[in-house]
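The opening residue of the sequence shown carries number 1 in full-length UniProt numbering; numbering runs sequentially from there.
By construction, the Cβ of each residue, glycine as well, lies at the ideal position given by its N, Cα and C atoms.
Remember, predicted model here, so these are calculated numbers, not experimental data.
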Amino acid sequence: MELGPEPPAFVPDSERERALMEENARLRRICGALIERVESAGMAGGAPYGAFEHAVLLAEQVRERTDSLHRTLEALGEANTRLEAARAEAEAANRSKTRFLAAVSHDLLQPLNAARLFTSALEDQGLPDDAGRLVGHIGRSLKDVEALLGTLVDISRLDAGVLTPDVATFPVGELLDVLAEEYRQLAGARGLDFHYVPSSAVVVSDLALLARVVRNFLTNAVRYTERGHLLLGCRRRPDGLEILVGDTGPGIPEAQQSAIFLEFRRAVVAPEGADRGLGLGLAIVDRIAGMLDHPLELVSRPGRGALFSIRVPYGRRPETPPAQEALPAGDPAGARVWVLDDDPAVLDGMAALLEGWGCRVHCASTPGALDAASRREGVDILLVDYHLAPGDPDGLEVADRLRDRHPALGVVVITANHEGGLKQRVRERGYGCLLKPVKPLRLRMLLTALLEGRSGA
1 MELGPEPPAF VPDSERERAL MEENARLRRI CGALIERVES AGMAGGAPYG AFEHAVLLAE
61 QVRERTDSLH RTLEALGEAN TRLEAARAEA EAANRSKTRF LAAVSHDLLQ PLNAARLFTS
121 ALEDQGLPDD AGRLVGHIGR SLKDVEALLG TLVDISRLDA GVLTPDVATF PVGELLDVLA
181 EEYRQLAGAR GLDFHYVPSS AVVVSDLALL ARVVRNFLTN AVRYTERGHL LLGCRRRPDG
241 LEILVGDTGP GIPEAQQSAI FLEFRRAVVA PEGADRGLGL GLAIVDRIAG MLDHPLELVS
301 RPGRGALFSI RVPYGRRPET PPAQEALPAG DPAGARVWVL DDDPAVLDGM AALLEGWGCR
361 VHCASTPGAL DAASRREGVD ILLVDYHLAP GDPDGLEVAD RLRDRHPALG VVVITANHEG
421 GLKQRVRERG YGCLLKPVKP LRLRMLLTAL LEGRSGA
């Protein structure tokens, strides 16, 4: 770097001016040397000047990126606020849907309950073959509607987390004996052999939810097996009892064995004539097993069938076994049965069914009417709907009051409410409980059990 041309010659007038000129020249030389050294150092490798310029550039980049980060964080905060609001709205909608389903399930199942009772009563009338086949078709269609409604309500309750387990200790045979008898008939109707290996083990679980799991296993086994046999049994494992359902159906490829537990998934197509379902059965099984903390397992090979299992913890057998460990088969003919329900169609259907079994039936639509009858005549069994008309006490209160007057009264509470708390209250009183729509075979077995309990007492 050059300092520029020398200034024009100046002749000093005094000694002071001469001294200033010499000092000025000396300073110009020092300045030139310093500038030359700085420039040479910058070109050689980047110290002081280059470092300064680089630092300035970095500082500018940091400032720009900090501003950009602040803008991004503000946008992210706004997005999170919107997502949180959307999540809260979705949860509120889900809770509302669940409350709606819980509220309307009773009303949805009432007419279906009445229709099932009427068709069962018709089937007991000894109809001509053509009429009998038509009634059978109606009954199967109503059963399909019942299964679809129940599945949709259950999956909604499970997703919303409002279905609470009612865990108790019970002999596993209390569950499996009934299922074996039911599905032996269904398998026989499809030309399949049914093998059942009973177990004396005692387990700890929610009986109704565990029954739903095993029932789904059995339903799929019957649905997808065209020939061969089905198996229901148990294996004792160190950490629990393994309940098994096996079949000789088409099997499930390994790649699809996880997917079938998702909603609306099927690994194979149901054979012609079998109901297709919604593809929700195993999704419900997976949720129930997770809620109960019961491990699931599937072993299957294409063309060799499938083996589904659920592992349930062991329980300790009560020191004093219950008087009725299993539901006996028998005839309730001659029993005096009262029926309390606020739906006239249900009363008519229940009366037709029970009278077909030879029962003496008295129906009432209000607690007051039933209370008046209880002062005039005796009774053996009370069938009471839990949800009665608005303003009336619930079925448990009515049953308690009548039990005080008739201590030997057998009570069956009928409800569409699946809550564990209600089932616990019913069990504590020693009452029977049936879920809507009422299955006639279960009702008959329960009536027989209660009547035999009275005679034993």
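- The beta carbon of V361 sits closer than 6 Å to those of V337, A351, L354 and E355, all from its chain and outside the five residues before and after it, given in chain order.
- In the three-state reduction of the DSSP assignment, P344 falls in the helix class, which pools H, G and I.
- In the displayed model, A168 falls within a strand according to three-state DSSP.
- Burial is judged here by how many other beta carbons sit within 10 angstroms of a residue's own beta carbon; P437 has at least 16 and is buried.
- With fewer than 16 other CB atoms across the displayed protein chains lying within 10 angstroms of its CB, D331 is exposed.
- Only buried fits A364, as 16 or more other CB atoms lie within 10 angstroms of its CB.
- When secondary structure is reduced to three states using DSSP, I284 falls in the helix class.
- In the three-state reduction of the DSSP assignment, E84 falls in the helix class, which pools H, G and I.
- Burial is judged here by how many other beta carbons sit within 10 angstroms of a residue's own beta carbon; V197 has fewer than 16 and is exposed.
- Here C433 is bridged, per DSSP, to V413.
- Inter-residue distance for G391 and E397 is about 13 Å (C-alpha atoms, whole angstroms).
- Straight across, the Cα-Cα distance linking A416 with Q185 is about 26 Å.
- In the DSSP assignment, the residues bridged to S300 are A306.
- Rounded to the nearest whole angstrom, the CA to CA distance from H137 to R190 is 16 Å.
- Counting C-beta atoms within 10 angstroms of its own C-beta, R116 has 16 or more neighbours from the protein chains shown and is therefore classed as buried.
- Cβ neighbours of L446 within its own chain (closer than 8 Å, five residues either side excluded): L327, V412, G432 and L434.
- Beta-bridge pairing by DSSP links L231 to H195 and G246.
- According to the DSSP assignment, D404 belongs to no beta strand (DSSP E) but to the alpha helix (DSSP H) extending over G395 to R405.
- Here DSSP, grouped into helix, strand and coil, assigns Y386 to coil.
- With contact defined as three or more Cβ pairs closer than 8 Å, the stretch 141-148 and the stretch 113-133 are in contact.
- Taken atom to atom, the span from the alpha-carbon of L382 to that of T448 is near 13 Å.
- Three or more beta-carbon pairs drawn from the stretch 297-314 and the stretch 204-224 are found closer than 8 Å, and the two stretches are therefore classed as touching.
- Here the C-alpha atom of T66 lies approximately 22 Å from the C-alpha atom of T81.
- Looking at the backbone, the Cα of D385 and that of Q125 are separated by about 26 Å.
- With contacts defined as CB atoms closer than 7 Å, L192 and L230 qualify as a contacting pair.
- For D392, there is no enclosing beta strand (DSSP E), since its DSSP letter is neither H nor E.
- For A364, the enclosing beta strand (DSSP E) covers residues R360 to A364.
- Taken atom to atom, the span from the alpha-carbon of L158 to that of V167 is near 16 Å.
- Excluding residues up to 5 positions away in sequence, S309 lie with their Cβ nearer than 6 Å to the Cβ of E297 in the same chain.
- With contacts defined by Cβ atoms closer than 7 Å, S205 and C234 do not form a contacting pair.
- Here Y224 is not bridged, per DSSP, to any residue.
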